[in-house]
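**Q**
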Amino acid sequence: MKVTSYYGGYADMGYVYIAPPNEKLDKDIASRNEITKLFKPEEIQIPYITGDSQISLFISKMTIAEDKFFAGYQKAFESEYGLDFDSHGYLTGFELNLSKDKFVEFIRNQAYKTFHIEWHNKPYNLVTFDHPEQVFHSENIIYKLNEQEDTFVIVQLEEYENYYPQYYYTTKKKPPTAKIKALFSSREDIYPLEYLLKPKFHLEESTTVAVINNDLCCELNVLPQWDSIPNEDRESLINHYVCENCSEVVRIMECIIHGVEDGLLLRGTCNSCNHRVSTHVPLNQII
Ligand SMILES: [Zn+2]
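With my numbering applied, the sequence shown has no gaps in its numbers, which climb one by one up to 295 at the end.
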């Protein structure tokens with residue numbers, strides 16, 4: 009594997025797990041999480057609001073899109089976040105491109121709330137990712153996530169603002185940005201209430217990485233360690249990974265190699281089930 013000359017930096021990255029992450033991943037990346045250093049567990053309080061009939065009323069005024077969210081995501085609009093879906097189209101988490109301060113504020117000010125609602129005569133748990141006036145806005149649109157019609161997102165479509173008036177003559181219009189303001193689901197097995205009230209937030213501060221290829225980056229300071237691993241072992245770590253979610257032998261996509269106390273940590277997404285995965289390579293295996 010040859011490293012190209014491109015070096016990039018990652019900005020602070022905040023991540024919200026809407027569904028529980030797998031235990032292995034959670035354990036592997038725990039030491040990198042700034043949130044656990046900033047908040048004691050009891051300081052992350054997610055309010056659970058039941059019996060607010062106004063909420064169902066607000067939602068009933070919104071337009072329901074015919075398309076699935078994912079279909080729109082690919083053709084009609086872009087998303088401001090890096091979104092993760094499982095293989096059935098359920099949203100499992102998203103990245104927030106917020107500074108550390110903003111992300112802390114997002115958690116501290118309880119923009120994240122859980123409501124119990126009735127909609128079309130069915131009970132749902134609804135999680136918000138912004139303040140109520142932004143979430144329960146009549147112009148927001150409801151998208152189903154898949155054909156099951158048991159999980160939906162409330163989306164605000166924001167027209168692209170053109171900051172460069174001199175380019176107005178261009179005929180190509182940029183698609184609007186979709187901002188997911190809430191998710192509601194009746195699938196207690198995918199989005200357990202217990203988890204929604206104690207969700208995992210993850211924040212990592214910026215690092216500098218070397219871009220090895222389109223799908224592989226390595227933190228600059230551990231690049232020599234990665235390079236010291238025999239080529240076939242490196243290939244095998246990335247291309248023959250046994251995924252803890254789907255149990256298949258898969259490739260780790262969008263892989264980032266980090267340095268950890270006793271070795272390397274590879275992190276990315278399973279190319280079969282799309283779940284986030286991680287694998288720990290101890291130092292004695294490297295040299
Ligand atoms: Zn998998």
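Heads up, the beta-carbon is just placed ideally off N, CA and C, and yes, glycines get one too.
The structure presented is a predicted model; accordingly, all values stated were derived computationally and were not measured.
(1) Excluding five sequence neighbours on each side, which residues of the same chain lie with their C-beta closer than 6 Å to the C-beta of ASP20?
(2) VAL11 by DSSP, collapsed to three states: which one?
(3) Take TYR81 and list the residues in its own chain whose beta-carbon comes closer than 8 Å to its own, dropping the five residues that flank it on each side.
(4) Leaving out five residues on either side along the sequence, give the residues of the same chain with a beta carbon under 8 Å from the beta carbon of MET261.
(5) If you reduce the DSSP assignment to three classes, tell me which class PRO238 lands in.
(6) Flag ASN247 as yes when its Cβ comes closer than 8 Å to any non-hydrogen atom of ligand 1, and as no otherwise.
(7) Quick check on DSSP: helix, strand or coil for ALA79?
(8) If we ignore side chains and look at the alpha-carbon of each, how far apart do THR58 and GLU167 end up?
(9) Can you check the stretch 230-290 for any alpha helix (DSSP H) of at least 4 residues that lies completely inside it and give the ranges in chain order?
(10) Looking only at its chain, what residues have a beta carbon closer than 6 Å to the beta carbon of PHE144, apart from the 5 residues adjacent to it on each side?
(11) Look at PRO200 and GLN118 and say whether their C-beta atoms are less than 9 Å apart.
(12) So, do the stretch 219-238 and the stretch 151-166 have three or more beta carbon pairs nearer to each other than 8 Å?
(13) Does the beta-carbon of GLU256, which I'm using as the reference point, lie nearer than 8 Å to any heavy atom of ligand 2?
(14) By the three-class DSSP mapping on this structure, what secondary structure does GLN142 have?
(15) Kindly list the residues whose CB is nearer than 7 Å to the CB of LEU33, restricted to its own chain and excluding five residues on each side of it in sequence; keep chain order.
(16) Based on DSSP bridge pairs, tell me the residues matched to GLU196.
(17) For VAL285, is the beta carbon positioned less than 8 Å from some heavy atom of ligand 1?
(18) Given TYR120, which residues of its chain have a CB within under 8 Å of its CB, disregarding the five upstream and five downstream residues?
(19) Take CYS225 and list the residues in its own chain whose beta-carbon comes closer than 6 Å to its own, dropping the five residues that flank it on each side.
(20) Whole angstroms are fine: how far does the CA of ASP94 sit from the CA of LEU100?
(21) Report yes if the CB atom of ASN41 is closer than 9 Å to the CB atom of LEU211, and no otherwise.
(22) Could you please give me the residues that DSSP links to THR185 through a beta bridge?
(23) Assign ALA27 to one of two classes, buried (16 or more other C-beta atoms within 10 Å of its C-beta) or exposed (fewer than that).
(24) Are PHE192 and PHE160 touching if we call contact CB-CB under 9 Å?
(25) Among PHE85, PRO131, ILE52 and GLU243, which residue has its Cα nearest to the Cα of PHE209?
(26) Can you find a heavy atom of ligand 1 that lies under 8 Å from the Cβ of CYS263?
(27) In terms of residues, what are the limits of the beta strand (DSSP E) holding THR122?
(28) ILE246 to VAL289, Cα distance in whole Å?
**A** This is what the structure gives:
(1) Residue mapping note: residue 20 aligns to position 12 of the sequence shown, counting from 1. Result list for ASP20: SER107, LYS108, GLU213 and SER214, in chain order.
(2) Taking the first residue of the sequence shown as position 1, residue 11 is located at position 3. Interpretation of VAL11 is limited by its pLDDT of 46, a score under 50 that renders its predicted location unreliable; no figure is taken from the coordinates.
(3) What you label residue 81 is simply residue 73 of the sequence shown in a count that begins at 1. These residues qualify, in order along the chain: SER87, LEU91 and ALA186.
(4) Position 253 of the sequence shown holds residue 261. Counting only Cβ-Cβ distances below 8 Å, and skipping sequence neighbours, we find ASP223, GLY276, THR277, CYS278 and ASN279.
(5) Position 230 of the sequence shown, counting from 1, holds the residue named residue 238. Coil, per DSSP.
(6) Position 239 of the sequence shown, counting from 1, holds the residue named residue 247. False, no ligand heavy atom lies under 8 Å from that Cβ.
(7) To locate residue 79, count along the sequence shown from 1; it is residue 71. Correct three-state label for ALA79: helix.
(8) By one-based count along the sequence shown, residue 58 stands at place 50. By one-based count along the sequence shown, residue 167 stands at place 159. Taking the straight line from one Cα to the other gives about 34 Å.
(9) 231-235 and 239-247
(10) Sequence index remark: in the sequence shown, residue 144 carries index 136 (1-based). Result list for PHE144: PHE66, in chain order.
(11) Counted from its first residue, the sequence shown places residue 200 at position 192. Counted from its first residue, the sequence shown places residue 118 at position 110. Contact flag unset, no.
(12) no
(13) Within the structure as shown, ligand 2 is missing, the only ligands being ligand 1.
(14) On the sequence shown, residue 142 is found 134 positions in, with the first residue counted as 1. Note: GLN142 maps to helix in three-state DSSP.
(15) Along the sequence shown, one-based indexing puts residue 33 at 25. Correct list, in chain order: ARG284, VAL285 and SER286.
(16) Numbered from its first residue, the sequence shown carries residue 196 at position 188. Answer is none; GLU196 lacks a bridge partner.
(17) For the purposes of this step, residue 285 is taken as residue 277 along the sequence shown, with counting starting at 1. Yes - ligand 1 has a heavy atom lying nearer than 8 Å to the Cβ of VAL285.
(18) By 1-based counting over the sequence shown, the position of residue 120 is 112. These residues qualify, in order along the chain: VAL24, ILE54, PHE114, VAL135, THR136, PHE137 and PRO207.
(19) As a working mapping, residue 225 is identified with position 217 in the sequence shown. Counting only Cβ-Cβ distances below 6 Å, and skipping sequence neighbours, we find VAL217, VAL219 and ILE264.
(20) Mapped onto the sequence shown, residue 100 falls at position 92. Mapped onto the sequence shown, residue 94 falls at position 86. The sequence as given places Thr at residue 100; Leu does not occur at that position. If you take the alpha carbons of THR100 and ASP94, they lie about 7 Å apart.
(21) Residue 41 sits at position 33 when you count from the first residue of the sequence shown. Residue 211 sits at position 203 when you count from the first residue of the sequence shown. Yes, they are a contact pair.
(22) In the sequence shown, residue 185 corresponds to position 177, counting from 1. GLU86 and GLU166, per the DSSP bridge assignment.
(23) By one-based count along the sequence shown, residue 27 stands at place 19. When all chains shown are included, ALA27 counts as buried.
(24) In the sequence shown, counting from the first residue as 1, residue 192 sits at position 184. In the sequence shown, counting from the first residue as 1, residue 160 sits at position 152. Going by C-beta atoms, PHE192 is nearer than 9 Å to PHE160.
(25) Within the sequence shown, the letter at position 201 stands for residue 209. Among PHE85, PRO131, ILE52 and GLU243, the Cα nearest to that of PHE209 is on ILE52.
(26) As a first step, residue 263 must be located in the sequence shown, where it is residue number 255. Because no heavy atom of ligand 1 lies under 8 Å away, the Cβ of CYS263 does not count as near it: no.
(27) Taking the first residue of the sequence shown as position 1, residue 122 is located at position 114. Looking at the DSSP string, the run of the beta strand (DSSP E) that includes THR122 is 120-127.
(28) As a first step, residue 246 must be located in the sequence shown, where it is residue number 238. As a first step, residue 289 must be located in the sequence shown, where it is residue number 281. Distance between the alpha carbons of ILE246 and VAL289 is about 11 Å.
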